[in-house]
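**Student:**
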Ligand SMILES: [Zn+2]
Ligand SMILES: [Zn+2]
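Residue numbers (the numbering used here): 6 to 477.
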């Protein structure tokens, strides 16, 4: 636990922390820097009130260390995300007010007593993270130690908790408490990474750009990789007839007297993207990066149809594509941005009526799922990262049986996706590096007190990605 000023560590400290005293936020022998103390006073936060559409900017207590594995992070920037809108609109069945936000970049100002140089057998950050380090936090807690974390399914950690719910106040605030911080946080201080693992230099990137690692860039990359790693896509990627594109029993080979071999046209990969909000753009940029790599290394031919009903979102996607397309290497694939009707037409025209091999669904409602199902081909895959709610899915058993369609739903394991997301972030600074330009993913950075308007504008589709600077 953190140590109270002027007193020895004792069981009473935990209670002292909860009664609003000044406290030391890190042991200097552990952190290597002078301990700092912050007042357990108040901070500015964005708070949502039920039932819906009620956002207020208020004072709230500064969060404090309550568990040995906690870190307190001073928020540098916080994102406003499409999934914040589910709460905003009252779709999440939350009946208590809450501090919003789950995307943050910040600076560590306090660490629990688990953080010490001789921490053994635990995630690396428990022995290396220091007060003053800059960190990005994924939008869910992941301990880094349970089965799900060890295997890479970090969003389903045994200790998983979403930031920005009543039980864990969010990051649209000046400070936030991060549980299981040694497993959850990503340190941007490269000296904390062991020399055996070379890491790219992130020090040149802007804070606003790095914030995208908290959720939307890993989530977009996850939507893409979930489709490309699917066994039903494997025959096209490696040119082997199903089921010989994946695991088969030892010594069984593909002998077939009943059909001709794969033709060139069988190896064209067509992928639809439904929803071109900020996550949809991240998914498209990630997919383009992955497919262009496959085109280069394996001669893959690909086609992408990016679909959104909103003209403003289609324009942003076109500007993003033009920028990356003209920024050097010419990409060989076919690419179109389309309305819903045009998207349906193209998915038929470009595939001789078969439909898309895979569809990335990045919206999270039944209209988006219905469209995805319509444009996917038999033996296709729908990779859905939209946050779906309670209504029943718009399919019945016969429908999905008759199409042999595969669905992958769910939350992105952000912490596991970091290496891939960092790679894409570094490559695509032309899209992710700037703010407010024609091809920028991020529209603007505003003070916390503009949160009510920002939520309303984002909800109405009048703006793209907005970040909050809680110190302006
Ligand atoms: Zn988010
Ligand atoms: Zn875990």
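The beta-carbon is built from N, C-alpha and C at its ideal position, and this holds for glycine as well.
In chain order, which continuous runs of the beta strand (DSSP E) of length 3 or greater are located wholly inside the region 288-315?
**Tutor:** Here the runs fully enclosed are 306-312.
**Student:** With a threshold of 16 other CB atoms inside 10 Å of the CB of residue 424, please say whether the residue is buried or exposed.
**Tutor:** Against the chain shown, residue 424 aligns to sequence position 419. Exposed, because fewer than 16 other Cβ atoms sit within 10 Å of the Cβ of residue 424.
**Student:** Kindly indicate which residue of 57, 373, 257 and 251 has the alpha-carbon position closest to the one of residue 311.
**Tutor:** In the chain shown, the residue the question calls residue 311 occupies position 306. It is 373 whose Cα lies nearest to the Cα of residue 311.
**Student:** Using the DSSP secondary-structure output, state which residues sit across from residue 58 in a beta bridge.
**Tutor:** Indexing the chain shown from 1 puts residue 58 at position 53. Paired residue(s): none; residue 58 is not in a bridge.
**Student:** Can you give me the C-alpha to C-alpha distance between residue 200 and residue 130, rounded to a whole angstrom?
**Tutor:** If you number the chain shown from 1, residue 200 lands on position 195. If you number the chain shown from 1, residue 130 lands on position 125. The predicted model places residue 200 with a pLDDT of 48, which falls under 50 and marks its position as unreliable; any figure quoted below should be read in that light. About 15 Å.
**Student:** Going by the beta-carbon positions, is the gap between residue 280 and residue 313 smaller than 9 Å?
**Tutor:** As a position in the chain shown, residue 280 is number 275, starting the count at 1. As a position in the chain shown, residue 313 is number 308, starting the count at 1. Against a cut-off of 9 Å, the Cβ pair of residue 313 and residue 280 comes out as a contact.
**Student:** Contact check, residue 80 vs residue 178 under 8 Å by CB: the rounded distance?
**Tutor:** As a first step, residue 80 is located in the chain shown; it is residue number 75 there, counting from the start. As a first step, residue 178 is located in the chain shown; it is residue number 173 there, counting from the start. The pair is a contact, with the Cβ atoms about 6 Å apart (cut-off 8 Å).
**Student:** Report, in whole angstroms, the separation of the C-beta atoms of residue 370 and residue 404, which I expect to be a contact under 8 Å.
**Tutor:** Counted from its first residue, the chain shown places residue 370 at position 365. Counted from its first residue, the chain shown places residue 404 at position 399. Rounded, the Cβ-Cβ distance is 18 Å, inconsistent with contact.
**Student:** Less than 9 Å between the beta carbons of residue 427 and residue 205, yes or no?
**Tutor:** Within the chain shown, numbered from 1, the residue matching residue 427 stands at position 422. Within the chain shown, numbered from 1, the residue matching residue 205 stands at position 200. Taking 9 Å as the Cβ cut-off, residue 427 and residue 205 qualify as a contacting pair.
**Student:** Ignore the nearest five residues each way along the sequence and tell me which others in residue 212's own chain have a CB closer than 6 Å to its CB.
**Tutor:** By one-based count along the chain shown, residue 212 stands at place 207. These residues qualify, in order along the chain: 81, 82 and 110.
**Student:** Anyone know if the C-beta pair for residue 228 and residue 365 falls short of 9 Å?
**Tutor:** Taking the first residue of the chain shown as position 1, residue 228 is located at position 223. Taking the first residue of the chain shown as position 1, residue 365 is located at position 360. Result yes, Cβ atoms of residue 228 and residue 365 sit closer than 9 Å.
**Student:** Kindly indicate the opening and closing residues of the alpha helix (DSSP H) around residue 187.
**Tutor:** Taking the first residue of the chain shown as 1, we reach residue 187 at position 182. Element bounds for residue 187: 186-189.
**Student:** State the Cα-Cα distance for the pair residue 460 and residue 86, rounded to the nearest angstrom.
**Tutor:** Your numbering for residue 460 matches position 455 in the chain shown. Your numbering for residue 86 matches position 81 in the chain shown. Straight-line Cα distance between these residues: approximately 9 Å.
**Student:** With H, G and I counted as helix, E and B as strand and the rest as coil, what does DSSP make of residue 224?
**Tutor:** Working through the chain shown from its first residue, we reach residue 224 at position 219. Residue state, collapsed to three classes: helix.
**Student:** Is it the case that the Cβ atoms of residue 57 and residue 93 are separated by a distance below 9 Å?
**Tutor:** Taking the first residue of the chain shown as position 1, residue 57 is located at position 52. Taking the first residue of the chain shown as position 1, residue 93 is located at position 88. It is a contact, given that the beta carbons lie within the stated cut-off.
**Student:** I believe residue 146 touches residue 165 by the beta-carbon criterion, under 8 Å. Please report the beta-carbon distance rounded to the nearest angstrom.
**Tutor:** The count along the chain shown starts at 1 and reaches residue 146 at position 141. The count along the chain shown starts at 1 and reaches residue 165 at position 160. Rounded, the Cβ-Cβ distance is 6 Å, consistent with contact.
**Student:** Take residue 191 and list the residues in its own chain whose beta-carbon comes closer than 8 Å to its own, dropping the five residues that flank it on each side.
**Tutor:** Locating residue 191 in the chain shown gives position 186, where the first residue counts as 1. Hits under 8 Å: 140, 141, 142, 143, 218, 420 and 423.
**Student:** Suppose the cutoff is 6 Å on Cβ atoms and the five residues either side in sequence are ignored; what does the same chain contact list for residue 138 look like?
**Tutor:** By one-based count along the chain shown, residue 138 stands at place 133. The residues are 113, 192 and 194.
**Student:** At a cut-off of 8 Å, is residue 337 close to ligand 1 when judged by its beta-carbon and the heavy atoms of the ligand?
**Tutor:** One-based indexing of the chain shown puts residue 337 at position 332. Residue 337: no, Cβ never under 8 Å from ligand 1.
**Student:** If you compare alpha carbons, which of 409, 457, 379 and 325 is closest to residue 434?
**Tutor:** Walking along the chain shown from the start, residue 434 turns up at place 429. Measuring from the Cα of residue 434, the nearest candidate turns out to be 325.
**Student:** Helix, strand or coil: which one does DSSP assign to residue 318?
**Tutor:** Reading the chain shown from its first residue, position 313 is the one you call residue 318. Of the three classes helix, strand and coil, the one that applies to residue 318 here is helix, per DSSP.
**Student:** Have a look at residue 248 and residue 236 and give me their C-alpha separation to the nearest angstrom.
**Tutor:** Taking the chain shown and counting its residues from 1, the one referred to as residue 248 is at position 243. Taking the chain shown and counting its residues from 1, the one referred to as residue 236 is at position 231. Approximately 8 Å between the Cα atoms of the pair.
**Student:** Quick one: what's residue 115 bridged to in DSSP?
**Tutor:** Taking the first residue of the chain shown as 1, we reach residue 115 at position 110. In the DSSP output, where bridge partners are listed per residue, residue 115 has 77.
**Student:** Terminal residues of the continuous alpha helix (DSSP H) containing residue 93?
**Tutor:** Here residue 93 refers to the residue found at position 88 when the chain shown is read from its first residue. Element bounds for residue 93: 87-93.
**Student:** Among 292, 359 and 243, which has the Cα closest to the Cα of residue 223?
**Tutor:** One-based indexing of the chain shown puts residue 223 at position 218. Among 292, 359 and 243, the Cα nearest to that of residue 223 is on 292.
**Student:** Along the chain, where does the alpha helix (DSSP H) containing residue 354 start, and where does it finish?
**Tutor:** Within the chain shown, the letter at position 349 stands for residue 354. Its alpha helix (DSSP H) spans residues 345-354.
**Student:** In whole angstroms, what separates the C-alpha of residue 157 from that of residue 226?
**Tutor:** As a position in the chain shown, residue 157 is number 152, starting the count at 1. As a position in the chain shown, residue 226 is number 221, starting the count at 1. Between residue 157 and residue 226, the C-alpha separation is close to 15 Å.
**Student:** Please classify residue 271: is it buried, with 16 or more other beta-carbons within 10 angstroms of its beta-carbon, or exposed?
**Tutor:** Counting from one through the chain shown, the residue named residue 271 turns up at place 266. Per the 10 Å Cβ criterion, exposed.
**Student:** For ligand 1, is there any heavy atom lying closer than 8 Å to the beta carbon of residue 448?
**Tutor:** What you label residue 448 is simply residue 443 of the chain shown in a count that begins at 1. Not under cutoff, so the answer is no.
**Student:** Can you have a look at residue 368 and say buried or exposed, based on whether 16 or more other CB atoms are within 10 angstroms of its CB?
**Tutor:** Position 363 of the chain shown, counted from the start, is the residue given in the question as residue 368. When all chains shown are included, residue 368 counts as buried.
**Student:** Helix or strand or just coil, what does DSSP make of residue 180?
**Tutor:** Translated into positions along the chain shown, residue 180 becomes position 175. DSSP places residue 180 in strand when its eight states are reduced to three.
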